[in-house]
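So the structure is just underneath, and the comments pick up after that.
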Amino acid sequence: MSTPSSERIRSYDKEEITKAMSTAPVDILKACNSALENILRQANEARSVSELSDADLRFPSSVLVVLDTHLGMILNEPGVPAQELKSFWVQHFWEACLSTNFPCTLLEYAGSSVFWALTSDERDSAFGCLCSFVHIWWHGTVLVEEGDVQVRTPPATWVARIVTESRVLWEMVWQHRAQIMADSDAVISGSLTGPSRYGTLRYIQSLATSLVMIASTQGQGDDSAIRTLNSSKIAHVALWTWWVLPFGDAQPDNHALEATFTVIQNTHDDLERQRFIDDVFVREIGADAVLTKLNRSLNELPEIAGDALSNSLYFMEVLSNANSALSVAYAKLPVSASVARALRKGRDPQTSLPSGKQMWGERQLRKWGACSGILVNIAEGLATGIRAPSTVNGADIYSILVHGILVAIQVAKSGTPSLLKKYEAAYSDTFDRWTYNIRSRGRSDSGIPGKVIRELSDAARTSGYSVLLELRKTSFESNLPDLIVFLLDVWEQLNKALGVDEEEMRKGITLHLPAKRCKYAKDVDRPSTVQRLVNLVIGRSPTNANAAASNDIAHNPNLFMPSRLHE
20 MSTPSSERIR
30 SYDKEEITKA
40 MSTAPVDILK
50 ACNSALENIL
60 RQANEARSVS
70 ELSDADLRFP
80 SSVLVVLDTH
90 LGMILNEPGV
100 PAQELKSFWV
110 QHFWEACLST
120 NFPCTLLEYA
130 GSSVFWALTS
140 DERDSAFGCL
150 CSFVHIWWHG
160 TVLVEEGDVQ
170 VRTPPATWVA
180 RIVTESRVLW
190 EMVWQHRAQI
200 MADSDAVISG
210 SLTGPSRYGT
220 LRYIQSLATS
230 LVMIASTQGQ
240 GDDSAIRTLN
250 SSKIAHVALW
260 TWWVLPFGDA
270 QPDNHALEAT
280 FTVIQNTHDD
290 LERQRFIDDV
300 FVREIGADAV
310 LTKLNRSLNE
320 LPEIAGDALS
330 NSLYFMEVLS
340 NANSALSVAY
350 AKLPVSASVA
360 RALRKGRDPQ
370 TSLPSGKQMW
380 GERQLRKWGA
390 CSGILVNIAE
400 GLATGIRAPS
410 TVNGADIYSI
420 LVHGILVAIQ
430 VAKSGTPSLL
440 KKYEAAYSDT
450 FDRWTYNIRS
460 RGRSDSGIPG
470 KVIRELSDAA
480 RTSGYSVLLE
490 LRKTSFESNL
500 PDLIVFLLDV
510 WEQLNKALGV
520 DEEEMRKGIT
530 LHLPAKRCKY
540 AKDVDRPSTV
550 QRLVNLVIGR
560 SPTNANAAAS
570 NDIAHNPNLF
580 MPSRLHE
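20 is the number of the first residue of the sequence shown in my numbering; add one for each residue after it.
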């Protein structure tokens with residue numbers, strides 16, 4: 020059978036396009052690519068959309084609708100099971116993309132004035148196709164174990180081509196955000212359901228976050244791709260979509276915020292980083308709004324666990340000291356309660372990464388390392404009067420400290436105690452600061468308020484003894500890490516500063532947890548039980564656990580060190 024001419028293909032209706040995509044996808048994408056190039060050429064000649072013929076726009080629009088409909092049904096983002104990447108439609112679409120210039124041309128088209136004069140549905144289909152393209156790229160060639168690649172890996176030059184073509188698109192999205200919001204509000208107010216009910220807005224977020232992930236992992240030591248994105252408005256767009264999309268089905272995680280920080284941390288100009296914080300985080304969205312939503316995400320999003328929780332806690336720590344407006348907003352938040360509840364979720368999913376599975380101990384230490392920065396900030400805020408005592412519950416602070424000690428004990432026993440070395444400073448800063456500030460109560464203006472002291476003391480009476488016993492037990496191990504010696508000493512000192520002696524703690528655990536010590540001793544050697552141990556030590560059942568002045572970034576360049584953020 021002879022191949023139909025490009026003129027014949029461009030006359031196809033949707034039914035014919037659907038059939039042809041199953042037999043000759045390359046021909047369809049070549050014809051669509053040619054049609055899009057023709058539209059762009061006419062646009063560059065200063066012709067308006069109204070001057071373009073219906074035939075010029077109808078064919079590529081129909082192709083994009085067909086592709087978006089079928090690929091969207093198969094991929095059903097954000098989850099893309101491996102077997103679905105073997106779908107006939109997915110494989111044909113991907114191979115056709117590799118054989119043509121279609122993805123780059125579509126990106127250029129989406130960044131043109133012609134595109135933004137189209138209807139919301141037409142733009143939605145185009146963004147849907149772009150999302151499918153980058154999702155197949157990410158899930159089929161990057162986020163896989165070696166030997167499990169589901170689709171053919173694109174040439175290395177594709178990363179540079181795609182990110183370069185996308186720069187104009189992000190500028191246009193940023194310029195047209197009022198129009199996008201109006202379209203999104205119209206969709207939400209209607210009766211549409213399913214993954215596309217937030218229309219272009221959700222597609223834009225998915226495209227931005229996926230492209231940042233690809234650019235940051237495909238450089239092989241060359242950071243030119245992520246630096247190219249840094250010169251665009253992609254971080255602005257990612258942060259904006261994170262703010263406007265509601266939590267839930269429309270936004271089940273903080274990936275867009277992670278994408279924003281990934282781009283920012285690869286900005287080597289401190290002043291440029293600070294400008295982004297001031298202009299976008301504070302002026303565009305608002306310091307209170309950003310931190311309140313981030314604080315809510317710790318408990319409202321079930322996907323915030325493991326590495327995702329570590330990253331979100333890290334964002335909270337960084338933003339708390341990013342500028343004066345964010346520091347003031349942070350001091351109003353009851354962040355200790357949110358952090359304590361997040362740690363009690365008890366979920367620590369295994370993470371599959373291109374470089375292999377991350378060690379359990381490193382994940383737990385990273386998580387508590389972010390918590391330690393938050394605890395130091397809270398202690399400083401209480402001592403200086405910036406933070407009101409009503410925003411802090413001493414029992415929550417105590418449970419976070421307990422969590423940190425239990426993690427250190429588990430890592431020390433796991434055969435990888437060397438991991439503790441890099442976190443010694445975080446532990447010493449946190450425990451020394453709280454111990455000093457508690458002791459300063461009544462002797463200076465830098466002490467912890469009495470209300471928080473009383474709550475800490477009550478928690479120590481019922482929760483401190485089991486931790487003390489386990490630290491003493493661990494101190495008899497061979498090759499004892501220095502951190503365990505420090506924690507044993509500082510734990511005794513902290514509880515003494517709270518006015519709770521060992522006998523009082525022993526009586527407290529006898530009264531409140533008579534049957535739990537043996538269970539604690541048995542379970543402590545299993546890393547998967549750390550969260551249950553925290554609940555046990557602080558006297559909460561798993562069922563009730565879930566119910567229950569600043570420096571600018573320019574003066575804190577280490578806040579955005581790439582090693583702090585885990586992808």
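Even for Gly, the Cβ is constructed at its ideal location relative to N, Cα and C.
Measuring only the C-alpha atoms, how far is residue i from residue j?
i    : j    : result
F107 : V170 : 12 Å
V15  : A145 : No statement about residue 15 is possible, as the shown extent of the chain runs from 20 to 586 and does not include it.
R302 : E190 : 18 Å
L48  : A175 : 22 Å
A254 : E381 : 28 Å
R77  : C148 : 16 Å
S316 : D272 : 8 Å
N318 : S25  : 54 Å
S494 : I223 : 53 Å
P173 : L220 : 27 Å
W177 : L475 : 56 Å
E56  : C116 : 15 Å
S81  : G91  : 15 Å
R196 : F450 : 46 Å
V519 : S485 : 14 Å
P122 : F134 : 15 Å
L94  : I199 : 24 Å
R480 : L517 : 10 Å
A179 : W113 : 18 Å
N412 : L506 : 22 Å
I416 : L394 : 8 Å
R525 : L488 : 10 Å
Q429 : R294 : 42 Å
D289 : L226 : 27 Å
V358 : T311 : 13 Å
H422 : L332 : 15 Å
What are the boundary residues of the alpha helix (DSSP H) that residue i is part of?
i    : result
H154 : 139 to 156
G518 : Here G518 belongs to no alpha helix (DSSP H), and DSSP marks it neither H nor E.
Y349 : 343 to 350
M335 : 326 to 339
I416 : 413 to 432
V133 : Looking at the DSSP string, V133 is not in any alpha helix (DSSP H), and its letter there is neither H nor E.
D46  : 44 to 63
I223 : 218 to 236
H287 : Careful: H287 lies outside any alpha helix (DSSP H) and carries neither H nor E.
I472 : 469 to 493
R29  : Looking at the DSSP string, R29 is not in any alpha helix (DSSP H), and its letter there is neither H nor E.
E114 : 107 to 118
M2   : This structure gives no information on residue 2, because the portion of the chain shown stretches from 20 to 586.
N498 : Per DSSP, N498 belongs to no alpha helix (DSSP H) and is neither H nor E.
D307 : 306 to 319
S437 : Note, S437: premise wrong, no alpha helix (DSSP H); not H, not E.
R180 : 176 to 194
Please classify residue i: is it buried, with 16 or more other beta-carbons within 10 angstroms of its beta-carbon, or exposed?
i    : result
T119 : buried
A444 : exposed
T228 : buried
R363 : buried
T42  : exposed
F300 : buried
K386 : buried
R292 : buried
N63  : exposed
Y436 : This sequence places Pro at residue 436; Tyr is not what is there. The residue is buried, with at least 16 neighbouring Cβ atoms inside 10 Å.
D143 : buried
F334 : buried
V504 : exposed
G325 : buried
V339 : The sequence given here has Ser at residue 339, not Val. Classification for S339: buried.
H287 : exposed
R27  : exposed
L401 : buried
D501 : exposed
E184 : buried
K33  : exposed
According to DSSP, residue i sits in a beta bridge with which residue or residues?
i    : result
G267 : Q270
Taking 8 Å as the cut-off, is the CB of residue i close to at least one heavy atom of the ligand NAD?
i   : result
C51 : Ligands displayed in this structure: none; no statement on the ligand NAD is therefore possible.
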